[in-house]
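305 is the number that the working numbering gives the last residue of the sequence shown; the numbers go up by one with no jumps. For each residue, glycine too, the CB sits at the ideal point set by N, CA and C. From a predicted model like this one, the values you see are computed outputs, not experimental measurements. Worksheet for the structure shown next.
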Amino acid sequence: MDQQLRVFVTVADRQNFSRAAEELHMTQPAVSQYILSLERMIGTKLLERSNKYVRLNKAGEIVYHHAREILGLHTRMQSLVDDLMNTPSGRLTIGASYTYGEYVLPHVVAGMRQHYPAITPTITIHNSTVIAEQVANRQLDVGIVEGEYVDEKMCIEPFADDRMYLIVSPQHHLAGKEKITHADLEEETWIVREEGSGTREAAEKMFRQLEIMPSKRMEFGSTQVIKESVEAGLGITLLSYWAIRKERKLGTLVTLKVQGTPVTRNFSLLTKTNEFHTKALDIFMDLIRNHVPEGAHT
(Lines of atoms letter the chains of each structure in order from A and count residues from 1; the text may use other names and numbers.)
(Lines give C-alpha, C1' and ligand atoms only; values in the text may rest on other atoms or scores of the structure.)
Protein backbone atom coordinates (compact mmCIF):
# COMPACT_ATOMS: atom_id res chain seq x y z
CA MET A 1 0.00 0.00 0.00
CA ASP A 2 2.74 2.46 0.96
CA GLN A 3 4.63 1.76 -2.28
CA GLN A 4 1.47 2.26 -4.35
CA LEU A 5 0.86 5.61 -2.68
CA ARG A 6 4.50 6.64 -3.07
CA VAL A 7 4.42 5.86 -6.81
CA PHE A 8 1.07 7.63 -7.24
CA VAL A 9 2.28 10.79 -5.47
CA THR A 10 5.48 10.85 -7.52
CA VAL A 11 3.55 10.50 -10.82
CA ALA A 12 1.18 13.28 -9.74
CA ASP A 13 4.06 15.56 -8.74
CA ARG A 14 6.05 14.93 -11.94
CA GLN A 15 2.95 14.79 -14.21
CA ASN A 16 4.81 12.21 -16.26
CA PHE A 17 5.26 8.43 -16.01
CA SER A 18 8.78 8.42 -17.45
CA ARG A 19 10.10 11.11 -15.07
CA ALA A 20 8.43 9.37 -12.12
CA ALA A 21 9.98 6.03 -13.11
CA GLU A 22 13.41 7.65 -13.33
CA GLU A 23 13.07 9.26 -9.89
CA LEU A 24 11.85 6.02 -8.31
CA HIS A 25 14.54 3.91 -10.07
CA MET A 26 11.83 1.75 -11.62
CA THR A 27 10.76 0.81 -15.14
CA GLN A 28 7.85 2.70 -16.68
CA PRO A 29 5.72 -0.50 -16.99
CA ALA A 30 6.24 -1.13 -13.26
CA VAL A 31 5.05 2.40 -12.44
CA SER A 32 1.98 1.90 -14.63
CA GLN A 33 1.22 -1.39 -12.88
CA TYR A 34 1.34 0.24 -9.45
CA ILE A 35 -1.07 2.97 -10.60
CA LEU A 36 -3.49 0.43 -12.11
CA SER A 37 -3.35 -1.64 -8.92
CA LEU A 38 -4.15 1.41 -6.79
CA GLU A 39 -7.02 2.44 -9.08
CA ARG A 40 -8.50 -1.07 -8.86
CA MET A 41 -8.30 -0.98 -5.07
CA ILE A 42 -9.87 2.53 -4.85
CA GLY A 43 -12.49 1.56 -7.46
CA THR A 44 -12.06 4.43 -9.91
CA LYS A 45 -9.63 6.16 -12.24
CA LEU A 46 -7.37 8.69 -10.52
CA LEU A 47 -5.42 10.17 -13.43
CA GLU A 48 -6.26 11.76 -16.75
CA ARG A 49 -3.71 10.64 -19.32
CA SER A 50 -2.74 12.00 -22.74
CA ASN A 51 0.37 12.05 -24.93
CA LYS A 52 1.26 15.45 -23.44
CA TYR A 53 0.38 15.24 -19.76
CA VAL A 54 -0.78 13.25 -16.73
CA ARG A 55 -3.19 15.08 -14.45
CA LEU A 56 -5.22 14.32 -11.34
CA ASN A 57 -8.99 14.07 -11.73
CA LYS A 58 -11.35 14.92 -8.85
CA ALA A 59 -10.98 11.48 -7.24
CA GLY A 60 -7.22 11.69 -7.76
CA GLU A 61 -7.05 15.02 -5.91
CA ILE A 62 -8.74 13.44 -2.88
CA VAL A 63 -6.43 10.41 -2.89
CA TYR A 64 -3.36 12.62 -3.49
CA HIS A 65 -4.16 14.85 -0.48
CA HIS A 66 -4.59 11.90 1.89
CA ALA A 67 -1.71 9.91 0.39
CA ARG A 68 0.75 12.67 1.23
CA GLU A 69 -0.57 12.77 4.80
CA ILE A 70 -0.35 8.97 5.15
CA LEU A 71 3.20 8.90 3.80
CA GLY A 72 4.18 11.72 6.16
CA LEU A 73 2.76 9.85 9.15
CA HIS A 74 4.59 6.69 8.08
CA THR A 75 7.87 8.58 7.90
CA ARG A 76 7.29 10.13 11.32
CA MET A 77 6.37 6.73 12.79
CA GLN A 78 9.58 5.21 11.46
CA SER A 79 11.63 8.15 12.77
CA LEU A 80 10.12 7.76 16.24
CA VAL A 81 10.90 4.02 16.30
CA ASP A 82 14.44 4.62 15.07
CA ASP A 83 14.81 7.34 17.67
CA LEU A 84 13.70 4.95 20.40
CA MET A 85 16.41 2.47 19.48
CA ASN A 86 19.31 4.87 18.98
CA THR A 87 21.17 7.86 20.43
CA PRO A 88 19.08 11.06 20.50
CA SER A 89 19.64 12.86 17.23
CA GLY A 90 17.99 14.75 14.43
CA ARG A 91 16.42 18.14 13.81
CA LEU A 92 14.51 19.93 16.56
CA THR A 93 12.53 23.07 15.75
CA ILE A 94 12.20 25.39 18.74
CA GLY A 95 10.29 28.64 19.01
CA ALA A 96 10.45 31.15 21.85
CA SER A 97 9.17 34.57 22.80
CA TYR A 98 11.66 37.40 22.64
CA THR A 99 12.42 37.63 26.35
CA TYR A 100 13.15 33.94 26.90
CA GLY A 101 14.50 33.39 23.41
CA GLU A 102 17.05 36.20 23.50
CA TYR A 103 18.21 36.10 27.11
CA VAL A 104 17.83 32.51 28.40
CA LEU A 105 17.34 30.03 25.55
CA PRO A 106 20.90 30.37 24.13
CA HIS A 107 22.33 29.02 27.41
CA VAL A 108 19.94 26.03 27.37
CA VAL A 109 20.77 25.23 23.74
CA ALA A 110 24.51 25.52 24.42
CA GLY A 111 24.19 22.96 27.21
CA MET A 112 22.18 20.62 24.99
CA ARG A 113 24.71 20.85 22.17
CA GLN A 114 27.53 20.06 24.59
CA HIS A 115 25.92 16.85 25.84
CA TYR A 116 23.88 15.87 22.75
CA PRO A 117 25.83 17.02 19.68
CA ALA A 118 23.73 14.85 17.32
CA ILE A 119 20.64 16.97 18.01
CA THR A 120 20.42 19.88 15.56
CA PRO A 121 18.24 22.72 16.86
CA THR A 122 16.61 25.35 14.65
CA ILE A 123 15.52 28.44 16.60
CA THR A 124 12.68 30.85 15.81
CA ILE A 125 12.26 34.00 17.94
CA HIS A 126 8.98 35.90 17.74
CA ASN A 127 6.22 37.20 19.97
CA SER A 128 4.15 34.68 21.95
CA THR A 129 1.13 34.78 19.64
CA VAL A 130 3.14 33.88 16.54
CA ILE A 131 5.05 31.13 18.35
CA ALA A 132 1.79 29.54 19.53
CA GLU A 133 0.37 29.65 15.98
CA GLN A 134 3.47 27.96 14.56
CA VAL A 135 3.32 25.16 17.14
CA ALA A 136 -0.39 24.67 16.36
CA ASN A 137 0.43 24.45 12.62
CA ARG A 138 3.28 21.96 13.29
CA GLN A 139 5.88 24.42 11.99
CA LEU A 140 7.58 24.08 15.38
CA ASP A 141 8.10 21.02 17.61
CA VAL A 142 7.92 23.09 20.79
CA GLY A 143 7.32 26.69 21.80
CA ILE A 144 8.10 28.80 24.85
CA VAL A 145 5.55 31.54 25.48
CA GLU A 146 4.98 34.26 28.05
CA GLY A 147 1.99 35.01 30.21
CA GLU A 148 -1.46 33.45 30.09
CA TYR A 149 -2.22 31.14 27.19
CA VAL A 150 -5.22 28.79 26.88
CA ASP A 151 -5.93 26.35 24.04
CA GLU A 152 -7.56 22.94 24.52
CA LYS A 153 -5.72 21.59 21.47
CA MET A 154 -2.35 22.42 23.00
CA CYS A 155 -0.40 21.00 25.92
CA ILE A 156 0.58 24.01 28.07
CA GLU A 157 3.10 23.46 30.86
CA PRO A 158 4.19 26.41 33.04
CA PHE A 159 7.81 25.79 33.98
CA ALA A 160 9.16 29.02 35.49
CA ASP A 161 8.09 32.29 37.08
CA ASP A 162 9.25 35.58 35.65
CA ARG A 163 9.41 38.79 37.66
CA MET A 164 8.93 42.03 35.77
CA TYR A 165 10.11 45.41 37.05
CA LEU A 166 9.43 49.06 36.29
CA ILE A 167 12.60 50.40 34.67
CA VAL A 168 13.98 53.92 34.18
CA SER A 169 17.35 55.48 33.47
CA PRO A 170 19.43 56.56 36.52
CA GLN A 171 18.86 60.21 35.49
CA HIS A 172 15.06 59.89 35.41
CA HIS A 173 13.27 62.13 37.91
CA LEU A 174 11.56 59.09 39.51
CA ALA A 175 14.83 57.18 40.01
CA GLY A 176 15.55 56.83 43.72
CA LYS A 177 12.24 58.37 44.74
CA GLU A 178 10.92 56.65 47.88
CA LYS A 179 7.22 57.16 47.27
CA ILE A 180 5.85 56.87 43.73
CA THR A 181 2.11 57.23 43.28
CA HIS A 182 -0.08 55.71 40.60
CA ALA A 183 -0.75 59.26 39.39
CA ASP A 184 3.01 59.72 38.88
CA LEU A 185 3.08 56.62 36.67
CA GLU A 186 0.04 57.66 34.68
CA GLU A 187 1.72 60.92 33.67
CA GLU A 188 4.85 59.20 32.32
CA THR A 189 5.64 58.27 28.74
CA TRP A 190 5.43 54.48 28.55
CA ILE A 191 7.52 52.50 26.10
CA VAL A 192 5.74 49.23 25.31
CA ARG A 193 6.01 46.18 23.05
CA GLU A 194 3.69 45.45 20.12
CA GLU A 195 0.30 43.73 20.35
CA GLY A 196 0.67 39.95 20.62
CA SER A 197 3.75 40.21 22.83
CA GLY A 198 3.69 38.60 26.28
CA THR A 199 5.51 41.63 27.65
CA ARG A 200 2.80 43.92 26.24
CA GLU A 201 0.13 41.66 27.78
CA ALA A 202 1.84 41.95 31.19
CA ALA A 203 2.02 45.75 30.92
CA GLU A 204 -1.67 46.03 30.03
CA LYS A 205 -2.57 43.75 32.93
CA MET A 206 -0.52 45.92 35.29
CA PHE A 207 -2.25 49.08 34.05
CA ARG A 208 -5.61 47.49 34.88
CA GLN A 209 -4.46 46.35 38.33
CA LEU A 210 -3.02 49.77 39.19
CA GLU A 211 -6.07 51.45 37.65
CA ILE A 212 -4.02 53.76 35.45
CA MET A 213 -4.52 54.70 31.80
CA PRO A 214 -1.31 56.25 30.43
CA SER A 215 -2.06 58.44 27.44
CA LYS A 216 1.56 58.86 26.31
CA ARG A 217 2.92 55.66 24.76
CA MET A 218 5.66 54.64 22.35
CA GLU A 219 5.48 51.15 20.81
CA PHE A 220 8.52 49.12 19.69
CA GLY A 221 8.85 45.55 18.44
CA SER A 222 12.16 44.85 20.16
CA THR A 223 13.13 44.55 23.81
CA GLN A 224 16.64 45.76 23.01
CA VAL A 225 15.31 48.95 21.39
CA ILE A 226 13.09 49.54 24.42
CA LYS A 227 16.06 49.22 26.78
CA GLU A 228 18.11 51.64 24.69
CA SER A 229 15.20 54.08 24.61
CA VAL A 230 14.75 53.97 28.38
CA GLU A 231 18.49 54.44 28.91
CA ALA A 232 18.27 57.50 26.65
CA GLY A 233 15.57 58.94 28.89
CA LEU A 234 12.64 58.60 26.49
CA GLY A 235 10.34 57.06 29.07
CA ILE A 236 9.51 54.26 31.47
CA THR A 237 8.82 50.57 30.82
CA LEU A 238 8.04 47.18 32.35
CA LEU A 239 10.57 44.45 31.54
CA SER A 240 11.58 41.00 32.72
CA TYR A 241 14.45 40.72 35.18
CA TRP A 242 16.03 38.24 32.77
CA ALA A 243 16.16 40.94 30.11
CA ILE A 244 17.70 43.69 32.24
CA ARG A 245 19.96 41.97 34.77
CA LYS A 246 23.17 43.02 32.97
CA GLU A 247 22.07 46.67 32.77
CA ARG A 248 21.14 46.65 36.46
CA LYS A 249 24.62 45.39 37.38
CA LEU A 250 26.20 48.08 35.20
CA GLY A 251 23.90 50.76 36.64
CA THR A 252 22.62 51.90 33.25
CA LEU A 253 19.03 50.99 34.23
CA VAL A 254 17.39 51.13 37.66
CA THR A 255 14.15 49.68 39.03
CA LEU A 256 11.40 51.66 40.70
CA LYS A 257 9.79 50.70 44.01
CA VAL A 258 6.07 50.78 43.39
CA GLN A 259 3.33 48.98 45.29
CA GLY A 260 2.02 46.10 43.17
CA THR A 261 5.40 45.41 41.56
CA PRO A 262 7.27 43.35 40.55
CA VAL A 263 4.65 41.81 38.29
CA THR A 264 4.83 38.01 38.16
CA ARG A 265 3.95 35.92 35.11
CA ASN A 266 4.65 32.40 33.82
CA PHE A 267 6.80 31.03 31.07
CA SER A 268 5.20 27.93 29.54
CA LEU A 269 6.23 25.08 27.26
CA LEU A 270 3.81 24.61 24.38
CA THR A 271 3.36 21.40 22.36
CA LYS A 272 0.57 19.82 20.34
CA THR A 273 -1.77 17.65 22.42
CA ASN A 274 -1.49 13.87 21.86
CA GLU A 275 1.66 14.17 19.75
CA PHE A 276 4.43 11.60 20.23
CA HIS A 277 7.69 13.16 21.39
CA THR A 278 11.08 12.31 19.98
CA LYS A 279 13.95 11.71 22.38
CA ALA A 280 15.43 15.01 21.27
CA LEU A 281 12.26 16.90 22.23
CA ASP A 282 11.98 15.17 25.62
CA ILE A 283 15.62 15.96 26.39
CA PHE A 284 15.18 19.62 25.45
CA MET A 285 12.03 19.97 27.56
CA ASP A 286 13.77 18.42 30.58
CA LEU A 287 16.67 20.85 30.16
CA ILE A 288 14.21 23.76 30.07
CA ARG A 289 12.42 22.56 33.21
CA ASN A 290 15.67 22.26 35.14
CA HIS A 291 17.36 25.44 33.95
CA VAL A 292 17.21 28.28 36.46
CA PRO A 293 19.03 31.43 35.29
CA GLU A 294 21.34 33.01 37.83
CA GLY A 295 19.52 35.71 39.77
CA ALA A 296 16.14 34.96 38.18
CA HIS A 297 14.28 35.67 41.41
CA THR A 298 16.44 38.42 42.81
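- Here the C-alpha atom of leucine 63 lies approximately 32 Å from the C-alpha atom of valine 142.
- Just measuring C-alpha positions, the residue of Val16, Leu217, Gly183 and Ser236 sitting nearest glycine 79 is Val16.
- In the structure shown, the three-state DSSP call for lysine 212 is helix.
- C-alpha of leucine 54 to C-alpha of proline 95: approximately 42 Å in a straight line.
- For the segment 36-123, the full-length beta strand (DSSP E) segments reaching 3 residues or more read 54-56, 61-63 and 97-103 along the chain.
- As a beta-bridge residue in DSSP terms, lysine 279 pairs with Met161.
- Here valine 232 is exposed, its C-beta having fewer than 16 other C-beta atoms within 10 Å.
- For isoleucine 219, the three-state secondary structure derived from DSSP is coil.
- In the three-state reduction of the DSSP assignment, threonine 271 falls in the strand class.
- With 16 or more other CB atoms across the displayed protein chains lying within 10 angstroms of its CB, glycine 205 is buried.
- Less than 8 Å divides the Cβ of methionine 161 from the Cβ of threonine 280.
- Counting the other CB atoms within 10 Å of its CB gives tyrosine 71 a total of 16 or more, which places it among the buried residues.
- Residue pairing by DSSP places aspartate 191 in no beta bridge whatsoever.
- Short of 7 Å from the beta carbon of arginine 21, and not among the five residues preceding or following it, lie these beta carbons of its own chain, in chain order: Ala27 and Glu30.
- As the crow flies, the alpha-carbon of threonine 285 is around 26 Å from that of leucine 12.
- Methionine 92 is positioned such that its CB atom lies no closer than 8 Å to that of phenylalanine 291.
- Under the 10 Å beta carbon count, phenylalanine 283 is surrounded by fewer than 16 other beta carbons and is classified as exposed.
- The beta carbon of glutamate 208 sits closer than 6 Å to the beta carbons of Gly154 from its chain, once the five residues preceding and following it are set aside; these are given in chain order.
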